[in-house]
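Please read the structure below before turning to the comments.
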Amino acid sequence: MGKHNLVTKFNYFYYNNFFLKNKRICAIVKNISFSSHCQDKYELIKKNEEAYNLEDIFIRSIRKMNNTSLVYASEDINKNGMNNKYLWELIYNRAKEIKNSFSINEIVVLFHAYCNSLSYDINCIQIINFFWDLLNNKINDLSYSSLLALYSCAEKTKNSHKIKEISNILLKYMLDHPSEMKLTEKGLNIILKMCIHNYNDSIGTIDNMNIIHISNYIQNVDLKDAKTVMLCLHFFIIFNSFGDPFVNLLKKIQSLLIFKKITPHIVLKYLYLLNNINNHPIAIKEVKNTISIIYLLHRANNNL
1 MGKHNLVTKF
11 NYFYYNNFFL
21 KNKRICAIVK
31 NISFSSHCQD
41 KYELIKKNEE
51 AYNLEDIFIR
61 SIRKMNNTSL
71 VYASEDINKN
81 GMNNKYLWEL
91 IYNRAKEIKN
101 SFSINEIVVL
111 FHAYCNSLSY
121 DINCIQIINF
131 FWDLLNNKIN
141 DLSYSSLLAL
151 YSCAEKTKNS
161 HKIKEISNIL
171 LKYMLDHPSE
181 MKLTEKGLNI
191 ILKMCIHNYN
201 DSIGTIDNMN
211 IIHISNYIQN
221 VDLKDAKTVM
231 LCLHFFIIFN
241 SFGDPFVNLL
251 KKIQSLLIFK
261 KITPHIVLKY
271 LYLLNNINNH
281 PIAIKEVKNT
291 ISIIYLLHRA
301 NNNL
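In terms of the numbering used here, the numbers along the sequence shown are unbroken and rise by one, the last being 304.
Right under this line is the structure:
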């Protein structure tokens with residue numbers, strides 16, 4: 001009996017201490033969670049307050065800004081995620097007052113900032129037309145980086161005439177100064193969309209030298225976005241370009257497939273469009289390798 005009582009007491013104290021410790025742990029965890037929640041709330045309130053104060057500063061100061069300050073303000077509005085149409089009305093009104101003081105690149109930056117703002121409205125024709133009017137007859141003087149930014153504005157504003165005009169200037173620039181174009185992935189994305197758009201709408205032909213230049217750009221850009229990778233594949237297929245850049249892209253796609261960064265059926269959809277590849281044995285080999293990987297992934301995912 002004494003031994004039984006001793007065991008009972010031990011169990012009582014053990015489990016009692018265990019539950020007490022668990023309660024303490026739960027209390028600590030709840031306090032940590034509550035503190036973390038409060039901290040997140042505090043940070044959100046602080047961020048909103050800072051944004052509100054910044055908006056207030058802009059509202060009071062935009063009317064007095066010069067051209068350079070206005071450009072910086074437009075970029076700050078986007079960086080801080082402000083969605084306030086009134087701010088852009090103020091910028092528009094101030095820009096009209098000092099329109100002759102802007103350089104052509106400043107106009108592009110301002111226009112690009114508006115097109116990429118949370119307050120952008122395609123129905124605000126007066127703002128959109130204002131920027132296009134300022135750029136009238138000056139587009140030929142832009143650098144390739146400004147042309148890329150302006151092309152995205154033409155897309156956003158659904159201005160087919162400007163899309164065609166900027167496309168032709170960019171393609172000519174590429175022919176004349178291929179080594180000067182140092183493209184980021186975003187810039188490459190725009191170039192690819194432009195070429196595919198030209199091809200689909202028969203806006204104009206793409207020179208063979210430009211196809212070579214773009215193929216080289218694809219090789220030199222570190223591709224991280226799956227959408228850009230698929231644009232590259234689309235480009236190679238529609239222009240029947242199956243050399244080393246195409247082969248290297250397929251190897252990139254194989255890696256993305258294995259790590260599940262790209263959807264297999266989309267890759268198959270593009271590969272189905274392949275033709276005129278018979279004279280490119282290395283390309284054919286990599287196409288087969290890509291299809292084999294897709295097949296093996298399908299079996300693995302379906303336990304076949």
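Where is the CB? At the ideal position from N, CA and C, for every residue including glycine.
Taking the Cβ atoms as the reference, residue 87 lies roughly 6 Å from residue 77, within the contact range of under 8 Å. Remark: C-beta atoms of residue 163 and residue 139 do not approach each other more closely than 9 Å. One Cα belongs to residue 250, the other to residue 287, and the distance between them is close to 7 Å. Rounded to whole angstroms, residue 172 and residue 59 show a C-alpha spacing of 42 Å. Per DSSP, reduced to three states, the secondary structure at residue 80 is coil, with no helix or strand assignment.
In the displayed model, residue 244 falls within a helix according to three-state DSSP.
Taking 9 Å as the cut-off, the Cβ atoms of residue 220 and residue 271 do not count as close. Around the beta carbon of residue 72, fewer than 16 other beta carbons lie within 10 angstroms, which makes this residue exposed. Excluding five sequence positions before and after residue 237, the CB atoms of its chain that fall closer than 7 Å to its own CB belong to 270, 273, 274, given in chain order. Out of 133, 176, 228, 266, the CA that lies nearest to the CA of residue 104 is found in 133. Counting only unbroken stretches of 4 or more residues, the alpha helix (DSSP H) elements lying wholly within the segment 259-295 are 264-271, in sequence order. The Cβ atoms of residue 115 and residue 157 sit closer than 9 Å to each other. In the three-state reduction of the DSSP assignment, residue 114 falls in the helix class.
Between residue 98 and residue 62, the C-beta spacing is not below 9 Å. Within the segment 201-237, no complete beta strand (DSSP E) segment of 3 residues or longer occurs. Under the criterion of beta carbons closer than 8 Å, residue 246 and residue 214 do not qualify as touching, at roughly 12 Å.
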